[in-house]
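Peer 1: After the structure tokens below, expect a handful of questions from me.
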Amino acid sequence: MLEEGRLSALELRSSVPEPVVEWKIAYQVGEHIPGSRDSFTRGGYIIASSDSKALVAKAIDDFYSRIVWKIDKI
């Protein structure tokens with residue numbers, strides 16, 4: 001979940017894992033983030049495709065851990 005504040009930096013560490021086929025971050029640096037509490041207020045999405053549910057779950061967790069958000073509290 002994201003905290004409320006201003007997004008001051010956003011970085012993706014390393015490359016996107018193979019099973020990830022699409023992803024989007026909903027905010028750009030400088031924008032206000034209202035905070036996320038559920039799937040309707042999330043900060044973006046990650047879509048992965050594989051025959052293995054476990055591989056998809058691992059790829060999404062791995063990819064999410066590569067995203068570095070710096071949010072300044074207001």
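In full-length UniProt numbering, the protein residues as written are 1 to 74. For every residue, glycine included, the Cβ atom is placed at its ideal position computed from N, Cα and C.
Can you give me the C-alpha to C-alpha distance between residue 76 and LEU7, rounded to a whole angstrom?
Peer 2: Residue 76 is absent from the model: the chain starts at 1 and stops at 74.
Peer 1: From GLY30, VAL29, LYS73 and SER65, pick the residue whose C-alpha is nearest to that of VAL16; which is it?
Peer 2: As a first step, residue 16 must be located in the sequence shown, where it is residue number 16. It is SER65 whose Cα lies nearest to the Cα of VAL16.
Peer 1: Taking the continuous alpha helix (DSSP H) assigned at ALA59, which residues delimit it?
Peer 2: Looking up residue 59 in the sequence shown gives position 59. Per DSSP, ALA59 belongs to the alpha helix (DSSP H) from 53-65.
Peer 1: Over what stretch of residues does the beta strand (DSSP E) that includes LYS24 continue unbroken?
Peer 2: Counting from 1 along the sequence shown, the entry for residue 24 is found at position 24. Run containing LYS24: 20-25, per the beta strand (DSSP E) assignment.
Peer 1: Helix, strand or coil for SER8? Go by DSSP, reduced to three states.
Peer 2: In the sequence shown, the residue the question calls residue 8 occupies position 8. Of the three classes helix, strand and coil, the one that applies to SER8 here is strand, per DSSP.
Peer 1: Would you mind reading off the limits of the beta strand (DSSP E) that contains GLY44?
Peer 2: Mapped onto the sequence shown, residue 44 falls at position 44. In the DSSP assignment, GLY44 falls within the unbroken beta strand (DSSP E) covering 44-48.
Peer 1: Measure the beta-carbon distance from TYR27 to GLY43 and round it to whole angstroms, keeping in mind my assumption that it falls under 8 Å.
Peer 2: Within the sequence shown, the letter at position 27 stands for residue 27. Within the sequence shown, the letter at position 43 stands for residue 43. Indeed, because the Cβ distance is near 6 Å, the residues count as touching under 8 Å.
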